[in-house]
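Sequential numbering from 1 applies to the sequence shown in the UniProt record's numbering. This report concerns only the one structure given below.
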Amino acid sequence: MRRVKDFMTPASRCVTASTDSALESVVHSMVYDSSVGCVVVLDPNGDGTPRGIITKSDALEWFLQRIPLETTCALVMNANVTCASPMMTAEEVGALLTRKRVHHLAVTDDDGAFAGVASSWDVARECGRRWTLPFWDEYLDRVASRRRAGSPNAHTDAAASA
Numbered sequence: 001m002r003r004v005k006d007f008m009t010p011a012s013r014c015v016t017a018s019t020d021s022a023l024e025s026v027v028h029s030m031v032y033d034s035s036v037g038c039v040v041v042l043d044p045n046g047d048g049t050p051r052g053i054i055t056k057s058d059a060l061e062w063f064l065q066r067i068p069l070e071t072t073c074a075l076v077m078n079a080n081v082t083c084a085s086p087m088m089t090a091e092e093v094g095a096l097l098t099r100k101r102v103h104h105l106a107v108t109d110d111d112g113a114f115a116g117v118a119s120s121w122d123v124a125r126e127c128g129r130r131w132t133l134p135f136w137d138e139y140l141d142r143v144a145s146r147r148r149a150g151s152p153n154a155h156t157d158a159a160a161s162a
């Protein structure tokens with residue numbers, strides 16, 4: 001069973017900001033520079049521990065509320081960052097995302113330092129890999145057995161019985 005460290009986006013590929021970063025630069029990074037779903041906010045003088053998270057949904061809400069783009073992340077970020085261990089399974093991370101009602105979480109190492117991001121999409125993709133592979137194995141077995149039995153339309157016969 002794969003662990004979140006195997007399918008998360010590692011910190012080196014994530015977008016981060018500091019608590020004193022302006023919203024303008026954060027939103028620009030999310031939308032134009034890297035097209036990511038969230039930015040993890042780190043303390044500029046800290047130990048690499050996530051202090052907050054900002055999502056595209058947050059940015060839309062700020063736009064609708066007309067929050068000034070000069071506002072710092074510290075004032076508007078979600079400071080209740082949901083964190084996961086790199087050793088958690090996809091099922092554990094999925095349950096955590098569901099329980100906390102969030103779509104992104106920070107992955108932190110044993111010292112609490114930021115290691116990456118896992119999203120609900122990452123978990124769905126990981127679980128989907130395991131659900132669809134057995135289906136394809138069964139399907140290919142049915143096709144092979146029908147071909148051995150002499151069916152000229154083995155692939156359509158197998159699909160019809162799926």
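Ideal Cβ positions, reconstructed from N, Cα and C, are used throughout, including at glycine.
| Looking at C-alpha atoms only, which residue of L60, S120, V15, G128 is the closest neighbour of G52? | V15
| query | T98 bridges to which residues according to DSSP? | reply | According to DSSP, T98 bridges with nothing at all.
| query | Buried or exposed: where does S35 fall if 16 or more other Cβ atoms within 10 Å of its Cβ makes it buried? | reply | exposed
| Run through DSSP, which three-state label would A124 get? | helix
| message | If the criterion is Cβ atoms closer than 8 Å, does the pair C73 and V27 meet it? | response | no
| query | Out of L23, G46, N45, D47, which has the shortest C-alpha to C-alpha gap to V39? | reply | L23
| message | Under DSSP, the alpha helix (DSSP H) around L64 begins and ends at which residues? | response | 56 to 65
| said: What residue range does the alpha helix (DSSP H) around S25 cover? | reply: 23 to 28
| said: Whole angstroms are fine: how far does the CA of T19 sit from the CA of P68? | reply: 16 Å
| said: When you compare the CB positions of A106 and P86, do they come within less than 8 Å of one another, or not? | reply: no
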